[in-house]
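First the structure, in the form of C-alpha cells, and then the observations on it.
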Amino acid sequence: MTQQLNGHDLLREEPETPTLTTLPSEIVALRDLVRSWVRERVAPAVRRLDAADAADFDWDLVREGHDLGLTRLVVPQQFGGAGHGIFGVAVALEELAAVDAGLALAFGATMLGQAPVLLSGDPRLQARFLPLFSGDDPVLACNAITEDLAGCDLLIPENAGLAQDVMSAHRDGDHYVLNGSKRFITNGKVATYATVFANMEGHPGATGLTCFVVMLESPGVTLGEVADKMGYRSCLGTELHFAGVRVPVDNVVGGEGDGVHVNIQQMNMARAAVAAISTGVARGALDQAVAWAGDRVQGGVPLRQHQFTARKLAEMAAKVEAARGLYLKAAYLADNEIPAPAFEPAVAKLFADRIAIEVATEAMGLMGARGYLRDHGMEKRLRDALGARIYEGTPEVLALAITESLYTDDDDF
Amino acid sequence: MSAFTSRDQAAAVFTQLFEILLEDDAFAATVRSQRLSVLFVHSSPDLTVFVDADGVRVDAAPHAPVLSIKMSCDDADALWAGRLLLPVALATRRIRVKGRVSQVLEFVPLLQPAFDRYPAIAASAGVTTAA
Numbered sequence: 002m003t004q005q006l007n008g009h010d011l012l013r014e015e016p017e018t019p020t021l022t023t024l025p026s027e028i029v030a031l032r033d034l035v036r037s038w039v040r041e042r043v044a045p046a047v048r049r050l051d052a053a054d055a056a057d058f059d060w061d062l063v064r065e066g067h068d069l070g071l072t073r074l075v076v077p078q079q080f081g082g083a084g085h086g087i088f089g090v091a092v093a094l095e096e097l098a099a100v101d102a103g104l105a106l107a108f109g110a111t112m113l114g115q116a117p118v119l120l121s122g123d124p125r126l127q128a129r130f131l132p133l134f135s136g137d138d139p140v141l142a143c144n145a146i147t148e149d150l151a152g153c154d155l156l157i158p159e160n161a162g163l164a165q166d167v168m169s170a171h172r173d174g175d176h177y178v179l180n181g182s183k184r185f186i187t188n189g190k191v192a193t194y195a196t197v198f199a200n201m202e203g204h205p206g207a208t209g210l211t212c213f214v215v216m217l218e219s220p221g222v223t224l225g226e227v228a229d230k231m232g233y234r235s236c237l238g239t240e241l242h243f244a245g246v247r248v249p250v251d252n253v254v255g256g257e258g259d260g261v262h263v264n265i266q267q268m269n270m271a272r273a274a275v276a277a278i279s280t281g282v283a284r285g286a287l288d289q290a291v292a293w294a295g296d297r298v299q300g301g302v303p304l305r306q307h308q309f310t311a312r313k314l315a316e317m318a319a320k321v322e323a324a325r326g327l328y329l330k331a332a333y334l335a336d337n338e339i340p341a342p343a344f345e346p347a348v349a350k351l352f353a354d355r356i357a358i359e360v361a362t363e364a365m366g367l368m369g370a371r372g373y374l375r376d377h378g379m380e381k382r383l384r385d386a387l388g389a390r391i392y393e394g395t396p397e398v399l400a401l402a403i404t405e406s407l408y409t410d411d412d413d414f
Numbered sequence: 005m006s007a008f009t010s011r012d013q014a015a016a017v018f019t020q021l022f023e024i025l026l027e028d029d030a031f032a033a034t035v036r037s038q039r040l041s042v043l044f045v046h047s048s049p050d051l052t053v054f055v056d057a058d059g060v061r062v063d064a065a066p067h068a069p070v071l072s073i074k075m076s077c078d079d080a081d082a083l084w085a086g087r088l089l090l091p092v093a094l095a096t097r098r099i100r101v102k103g104r105v106s107q108v109l110e111f112v113p114l115l116q117p118a119f120d121r122y123p124a125i126a127a128s129a130g131v132t133t134a135a
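So the sequences go chain by chain: P and V. Note that the first sequence ends on residue 414 in my numbering; no numbers are left out. Note that the second sequence ends on residue 135 in my numbering; no numbers are left out.
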C-alpha cells in the first residue's frame, strides 16, 4: 500500500483530453488510487469520525491523504504538486465523498485556499505559498469569506454595497491591518494559512473587498468556536477572529478592491468540485442501496427483483450518471477557460446537490428501519447530502447565476 | 474615442509588440519548448494576431492555437499600457482565454517584456490613449 500511495502515480505529465465516454489515463489512475485508499483506510473510520466531538480532527488520515498527494492536486509540478486541474480534483473528490463527504471537503477547502494564489498569476505569491503543500508534513489551507452578517452579500456583486459590518482592512505603510471575524470557515482551525476577504475602509458595504493571504499563526489571529454541524463532521467549520492583524502588502491577491473578482473566479472553479462531492455522496448511497437490494430477500426473492425497487434503483443510477456528466463537463471547462464559466459549474452543483438528497432519501427508505439507524451509515449520507446545499452557493444563489447566463450571449468565443 | 484610428495601425502595433516578445530569450524558449501558439482575437477594429515560434501573423492562423485570447483593441491597449489589470479583466470577462489554465498561468509571467515595451511602441505609432 505504501508504494501505491506514493505520489508519483499522481503526477500529470502530458495530459490527454477527455472524451464524452472516457477519462484520460492519468485521471483513471488517480481515481483508482483514491478509491482504493478510501475503501481500505477511510471506510473503517467513518462511523468513528461521524460520532466524534465537533472539534475533533483526524490528522492521521489527512497525513495519509497528503502522502497520496490530495493536499496538492492543483499545485503546479514546479512547486512540487501533482499539476492536476479541477477535473482531476473533482474526480478525486467524488471518490472521497462516496465514503466520507467531510474528508472530501477538508481536501477541497484546501484547494479553495490555494485557488486565489494560483489564479493571481503572481509568480512571487505562488513561489511563497504553494511549496508549503509539498513538504513531508500535511499542510491545509482555507478560504475565509463568510461572516455573521454577510454571506451571500459577499458572493453576489450586486449586493456588495448592502453588506453590513464587513471585516475591514486599511493600509499602514508596507502592511495592511485587518479587523473583524469570519464564520463557518472550513479548515479554519487546522489550516496554515487562509485567503481572507476584507473590505477596504472608506468603501461602503463590501465594495472595497480585497483578498489577503494570512498566515494563521500571525499575531492577532484567534480561533473561535468550532461549529457543531449536522453532517460533514470530519471537517471543521470554525470562527476566525482578526484583531489588528498585520499582513504584508505582498500578500494581497490581485489588487486592492479586486476581491470580488478573485472570489467569482474561485467560486466558478469550486462549484464543479462541490458538485463532484454531492455526486460522490449520491453514488455512495446508491452503492449501498444496490448492495442491500441485492442481498435482502423479501417475498422469496432479492429486493432488486421487485419491480418497484428496480425502478427506484434505476432512477437513482440515472441521477448519479447525469450528475457525474455535468460536473465533468463543468470541471473540464473550468480547466480550459479563464474566467471559468459561471453557467456549467452552477448547473452541475444545483443538480448534484438536489439529486444527492433525493438518492440518499430513496436509499434510506429502501433499507427500511436499518436505513434510519446510525449503524448502517445511510442516515449519515442523508445528513451530508443536505449540507452541500448551503456552501459555495445555495440553490437560490446558483439560480441567479444560471438565469443570468441564460440571458447573456456567451457563445461568441 | 478608440485607442486605434485604424485596423492597420492596430495590426502594426501588435505585430511589433509580439516580434519584440519573440526576441526575449525566456519567452522564445518557452514558445519553442512547449510548442506554444497564441491567437489574439481582437475586436473594434477586428483582427487576429497569431504568435508562435515561427513569428507573428495577422489574420492568418496556420494551425489551431494552444491558447486563444479574446479582447477588444481598446482593452488590449489598456492591458499592455498597465491601466487594465489582468485579474480584473478576466473576472469581468473583458478578456477571455481558452486553453489549459495551467498553461495560461505559466504563460502570463512571460509577457512582462510586452508590458515594459508597449507604451513606447504605442506612443511612436500614435496610439492616443496609451499611458
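Glycine included, each C-beta is placed from N, C-alpha and C at the ideal position.
inquiry  = Given this structure, state the Cα-to-Cα distance separating residue 76(V) from residue 49(V), to the nearest angstrom.
reply    = 8 Å
Name, going along the chain, the residues of the region 78-106 of chain V whose beta-carbon falls closer than 7 Å to a beta-carbon of chain P. 89, 90, 91, 92, 94, 95, 96, 97, 100, 101, 102, 103, 104, 105, 106
### Message
If you measure between the beta carbons of residue 350(P) and residue 261(P), is that distance less than 7 Å?
### Response
no
Self-check item: Cβ of residue 123(V) within 7 Å of any chain C Cβ
Solution: In summary, chain C is missing from the structure at hand, where the protein chains are P and V.
Where residue 111(P) and residue 122(V) are concerned, what is the direct C-alpha to C-alpha distance, given to the nearest angstrom?
38 Å
For this session: Under 6 Å Cβ to Cβ from residue 151(P), same chain only, skipping five residues before and after it: list those, please.
Result: 164, 167
**Request:** Starting from residue 143(P), follow its DSSP beta bridges and name the residues at the other end.
**Result:** 195(P)
Checklist entry - Per DSSP, what kind of secondary structure is residue 128(V) in: helix, strand or coil? => result helix
**Asked** Near residue 64(V), what residues of its chain come up, given a Cβ to Cβ distance below 7 Å and the 5 sequence neighbours on each side ignored?
**Response** 54
- Query: Taking Cβ-Cβ distances shorter than 8 Å, what residues in chain V pair up with residue 121(P)?
  - Reply: 91
Q: Tell me where the alpha helix (DSSP H) around residue 130(P) begins and ends.
A: 124-130
### Neighbour flag for residue 109(V) against chain P, beta carbons, 7 Å
yes
**Prompt:** Within 7 Å (strictly less), CB to CB, does residue 113(V) reach chain P?
**Reply:** yes
Item checked: Same chain, Cβ closer than 8 Å to residue 135(V), neighbours up to 5 away in sequence not counted -> Any reading at residue 135(V) needs caution, since the residue's pLDDT is 48, under 50, leaving its predicted position unreliable; the model's value is listed next. Cβ neighbours of residue 135(V) beyond the five flanking positions: 85, 86, 87, 123.
Exercise for the section: Pull up the distance between the alpha-carbon of residue 308(P) and that of residue 362(P), whole angstroms please. Expected result: 19 Å
With a threshold of 7 Å between beta carbons, is residue 9(P) in contact with chain V?
With a pLDDT of 43 at residue 9(P), under the threshold of 50, the modelled position of this residue cannot be trusted, and the question is left open.
- Query: For the alpha helix (DSSP H) that contains residue 62(P), what are its first and last residues?
  - Reply: 60-69
Can you confirm whether residue 57(V), when its beta carbon is compared against all beta carbons of chain P, has any partner nearer than 7 Å? no
Stretch-stretch touch, CB-based, cutoff 8 Å, three pairs: the region 357-376 of chain P with the region 290-309 of chain P = yes
Could you check where the beta strand (DSSP E) with residue 74(P) kicks off and where it finishes? No beta strand (DSSP E) holds residue 74(P); DSSP gives it neither H nor E.
Can you pull the chain V neighbours of residue 109(P), defined as C-beta to C-beta under 7 Å?
By Cβ distance, chain V contributes nothing, its closest Cβ being about 18 Å from residue 109(P), past 7 Å.
* Asked: How about residue 364(P) and residue 286(P): do their beta carbons lie closer than 7 Å?
  -> yes
Kindly list, in the order they appear in chain V, the residues whose Cβ is closer than 9 Å to that of residue 414(P). 45, 72, 74, 100, 102
Practice item. Could you pull out every unbroken alpha helix (DSSP H) segment of at least 4 residues lying fully inside the region 248-307 of chain P, listed in chain order? Key: 260-296
Discussion item. Against residue 124(P), what residues of chain V qualify as contacts under a CB-to-CB distance less than 7 Å, listed in chain order?
Written reply: 113
What residue range does the alpha helix (DSSP H) around residue 106(V) cover?
105-111
Pick from 407(P), 206(P), 404(P) that is closest to residue 258(P), judged by C-alpha positions:
206(P)
Quiz item: Between the C-alpha atoms of residue 325(P) and residue 13(V), what's the straight-line distance to the nearest angstrom?
Solution: 49 Å
Exercise. Mind checking if residue 409(P) is an interface residue toward chain V, Cβ cutoff 7 Å exclusive?
Worked result: no
> Can you list the residues of chain V that residue 256(P) reaches, using a CB-CB cut of under 8 Å?
Replying inline: 89, 91, 92
Item to check | Rounded separation between residue 6(P) and residue 101(P) - CA only | outcome: With a pLDDT of 41 at residue 6(P), under the threshold of 50, the modelled position of this residue cannot be trusted, and the question is left open.
Compare the Cα-Cα distances from residue 102(V) to each of 19(V), 44(V), 119(V) and report the closest residue. 44(V)
Note to self: Buried or exposed, going by whether 16 or more other CB atoms sit within 10 Å of the CB of residue 194(P)?
What the structure shows: buried
Taking only three categories from DSSP, how would you classify residue 100(V)? strand
Next on the checklist: For residue 380(P) and residue 50(P), I'd like the C-alpha separation in whole angstroms.
Outcome noted: 14 Å
Discussion item. At the level of alpha carbons, what is the spacing between residue 48(P) and residue 56(P)?
Written reply: 16 Å
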